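J.: Below are the structure tokens for one structure; questions will follow.
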Amino acid sequence: RRIVAGVQACQNFQEERYAMEKTTDIIPLRQPETVDDPLTEIARDGARRMLAAALRAEADAFVAQHAEEILPDGRQRVVRHGYGPERSIQTGIGALDVQRPKVRDRASDMSADQRIRFTSAILPKWARRSRSLDALLPVLYLRGISTGDFQEALAAILGKDAPNLSPSVISRLTGEWQQDYDRWQRRDLSARRYVYIWADGVYLQARMEPQAECMLVILGATPEGKKELVGFQVGLRESAQSWRELLVDIKARGLAVPPEIAVGDGAMGFWKALDEVFPGTRHQRCWVHKIANVLNKFPKSMQPAVKADLREIWQADTRSVAETAMDTFAEKYGTKYDKAVTCLTKDREALLAFYDFPGEHWDHLRTGNPIESVFATVRHRTVRTKGALSQKTAKLMVFKLIQAAAKTWRRLKGANQLPLVIEGVTFTDGVAQSAAENRAA
């Protein structure tokens with residue numbers, strides 16, 4: 004009796020549980036880290052259907068293209084053959100589950116290389132991400148997202164469990180930068196001409212390297228006023244030999260016409276190498292670096308007043324006014340701060356060379372800002388990721404960052420003056436000599 008009663012109790016419990024499951028509505032609770040976006044879900048569903056339809060149409064078109072291929076028994080040689088296994092494709096709106104249509108060549112007596120094979124242009128055989136996403140991920144890495152943060156950073160767009168975003172995948176995508184760099188290093192420069200060039204170097208310390216290497220960079224201004232990356236190389240330091248190797252490489256690849264003027268800081272290695280490779284190029288010292296070097300030789304309490312005096316020199320309207328202001332500066336501080344005065348006056352000609360070029364270009368020629376602004380992005384990226392892992396990674400990262408920044412570089416002011424510079428027209432205090440004579444008359 005006890006056994007029968009126990010079985011009856013179990014049956015009653017099961018019936019009550021079944022009735023509860025049928026009458027109880029289970030409402031799923033949204034987790035805090037998830038984003039409930041019906042609009043995106045509708046877009047994904049529509050994209051999934053459109054992709055499937057496009058793949059079917061592509062396969063049908065391929066079969067129709069070979070409709071005239073008939074086997075000896077009268078059957079059509081190329082036919083549809085079902086679908087491949089379902090796979091998830093990562094796109095800009097999230098993961099899409101699709102099946103690739105398969106096409107079969109019925110000719111059994113053909114060799115492997117004679118068989119008709121179908122390859123989808125929309126969905127390649129081993130694709131796991133869209134091409135636009137493949138291009139986006141390295142750019143996000145450059146902008147400061149570390150390889151381990153992609154899953155979390157893109158969860159709202161691509162889904163919480165978005166696949167193919169592991170650190171190894173990102174590293175493999177960034178590995179394509181080496182191929183881009185090699186192609187760029189072999190490009191032909193015989194058809195290029197650069198009126199002005201800017202040269203500078205930056206030291207980046209990699210985490211796995213004992214010492215920092217110097218990234219040597221040369222930017223150039225074309226006759227149309229566009230700025231371009233001309234040369235890029237890694238050296239142990241800003242030595243004359245390192246700069247000579249870079250300049251010789253540029254010249255060997257076809258850059259036969261020397262630039263009219265080069266802008267750089269006080270790295271003597273560059274100027275020595277420049278005189279050997281392009282002896283006709285004039286020197287223009289960067290005023291930002293020069294002012295910093297001069298101010299370092301004064302007490303901090305005096306630096307605001309000294310900086311104002313230096314501004315009177317490099318922002319003067321004419322060379323004569325600038326030379327007078329420089330003489331006044333030397334007389335004012337020469338007795339007690341002779342090292343600061345020597346630091347300024349020893350490069351008098353190189354500091355005032357910009358007066359012999361169009362006045363519209365003075366803002367570009369007085370400083371090395373075109374390169375400094377690029378390296379500001381580089382330094383931000385390396386600080387964000389606590390430095391590159393190796394010097395090779397640092398080199399490629401700097402190269403890609405400069406290429407990305409080049410898309411937003413502005414043209415030189417007064418680009419219409421560059422042809423006059425190329426023709427050898429003499430400029431006096433920023434004005435072409437013929438124009439100055441007409442104005443005087």
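Each position in the sequence shown, counted from 1, maps to that position plus 3 in my numbering. Just so it is clear, CB atoms sit at the ideal spot from N, CA and C, and this is done for glycine as well. Being a predicted model, the structure only gives us computed values, none of them experimental.
Nearest-angstrom Cα distance between residue 416 and residue 364?
T.: If you take the alpha carbons of residue 416 and residue 364, they lie about 6 Å apart.
J.: Looking at C-beta atoms only, is the number of pairs between the region 292 to 309 and the region 261 to 280 that lie closer than 8 Å three or more?
T.: Output reads yes: the region 261 to 280 touches the region 292 to 309.
J.: Starting from residue 333, trace the beta strand (DSSP E) both ways and give me its first and last residue.
T.: Looking at the DSSP string, residue 333 is not in any beta strand (DSSP E); the run it does join, the alpha helix (DSSP H), is 322 to 336.
J.: Can you tell me which of the three DSSP states residue 271 falls into?
T.: The answer is helix: DSSP assigns residue 271 an H, G or I state.
J.: Could you give the C-beta distance for residue 201 and residue 374, rounded to a whole number, given that I count them as a contact under 8 Å?
T.: Confirmed, Cβ separation roughly 5 Å.
J.: May I ask you to list the residues that DSSP assigns as paired with residue 86?
T.: According to DSSP, residue 86 bridges with 104.
J.: Am I right that residue 341 and residue 288 are in contact with their C-beta atoms under 8 Å? What's the rounded C-beta distance?
T.: Residue 341 to residue 288, Cβ: 20 Å. No contact.
J.: Leaving out the 5 sequence neighbours to the left and right, which residues in its chain are closer than 7 Å to residue 243 when beta-carbon positions are compared?
T.: Cβ within range, chain order: 272, 275, 276.
J.: Using the C-alpha atoms, what's the distance from residue 399 back to residue 184?
T.: Approximately 7 Å, taken between the alpha carbons.
J.: As a quick exercise: from 396, 117, 231, 256, pick the residue whose alpha carbon is nearest that of residue 237.
T.: Ranking the options by Cα distance to residue 237, first place goes to 396.
J.: If you reduce the DSSP assignment to three classes, tell me which class residue 398 lands in.
T.: Reduced to three states, the DSSP call for residue 398 is helix.
J.: How about residue 127 and residue 59: do their beta carbons lie closer than 8 Å?
T.: Result no, Cβ atoms of residue 127 and residue 59 do not sit closer than 8 Å.
J.: How is residue 444 classed by DSSP in three states: helix, strand or coil?
T.: Unreliable placement is indicated for residue 444, whose pLDDT of 49 sits below 50; the coordinate value is still reported in the next sentence. In this structure, residue 444 counts as coil in the three-state DSSP scheme.
J.: Check residue 432 in the structure and name its three-state DSSP category.
T.: In this structure, residue 432 counts as coil in the three-state DSSP scheme.
J.: Report yes if the C-beta distance between residue 1 and residue 328 is below 8 Å; otherwise report no.
T.: Because the chain is modelled from 4 through 444, residue 1 falls outside the range shown and cannot be assessed.
J.: Please check the pair residue 297 and residue 343, which I expect to be a contact at CB under 8 Å, by giving their CB distance rounded to whole angstroms.
T.: Their Cβ separation, rounded to whole angstroms, is 5 Å, which keeps residue 297 and residue 343 in contact under 8 Å.
J.: Out of curiosity, what's the CA-to-CA distance linking residue 311 and residue 256?
T.: So the alpha carbons of these two residues sit roughly 45 Å apart.
J.: Contact check, residue 233 vs residue 254 under 8 Å by CB: the rounded distance?
T.: Not really, about 11 Å apart at Cβ, beyond 8 Å.
J.: Quick check on residue 197: buried or exposed, where buried means 16 or more other Cβ atoms within 10 Å of its Cβ?
T.: Answer is buried; the Cβ neighbour count reaches 16.
J.: Quick check on DSSP: helix, strand or coil for residue 53?
T.: In the structure shown, residue 53 sits in a helix (DSSP, three-state: H, G or I).
J.: Identify whether residue 266 lies in helix, strand or coil by the three-state DSSP scheme.
T.: Reduced to three states, the DSSP call for residue 266 is strand.
J.: With 16 other CB atoms within 10 Å as the buried threshold, where does residue 187 fall?
T.: It counts as exposed.
J.: Considering Cα atoms alone, identify which of 263, 131, 120 is closest to residue 90.
T.: Comparing Cα-Cα distances from residue 90 to each of 263, 131, 120, the minimum goes to 131.
J.: Between which two residues does the beta strand (DSSP E) containing residue 231 stretch?
T.: Start and end: 230 to 238.
J.: Ends of the beta strand (DSSP E) at residue 286?
T.: Segment 285 to 288, the beta strand (DSSP E) holding residue 286.
J.: Measure the alpha-carbon distance for residue 44 versus residue 54 and round it to whole angstroms.
T.: Each residue's alpha carbon lies about 15 Å from the other.
J.: Which residues bound the alpha helix (DSSP H) around residue 312?
T.: Unbroken alpha helix (DSSP H) run through residue 312: 306 to 317.
J.: Mapping DSSP to helix, strand and coil, what is residue 197?
T.: Coil, per DSSP.
J.: Could you tell me which of 262, 80, 224 sits nearest to residue 367, measuring between CA atoms?
T.: The residue with the shortest Cα to Cα distance from residue 367 is 224.
J.: Which whole-angstrom value describes the C-beta separation of residue 66 and residue 109, a residue pair presumed to lie in contact below a C-beta threshold of 8 Å?
T.: 12 Å between Cβ atoms; not a contact.
J.: Where does residue 211 land, buried or exposed, given buried means 16+ other C-beta within 10 angstroms?
T.: Note that residue 211 scores a pLDDT of 46, beneath 50, so its modelled location is shaky and nothing firm can be said.
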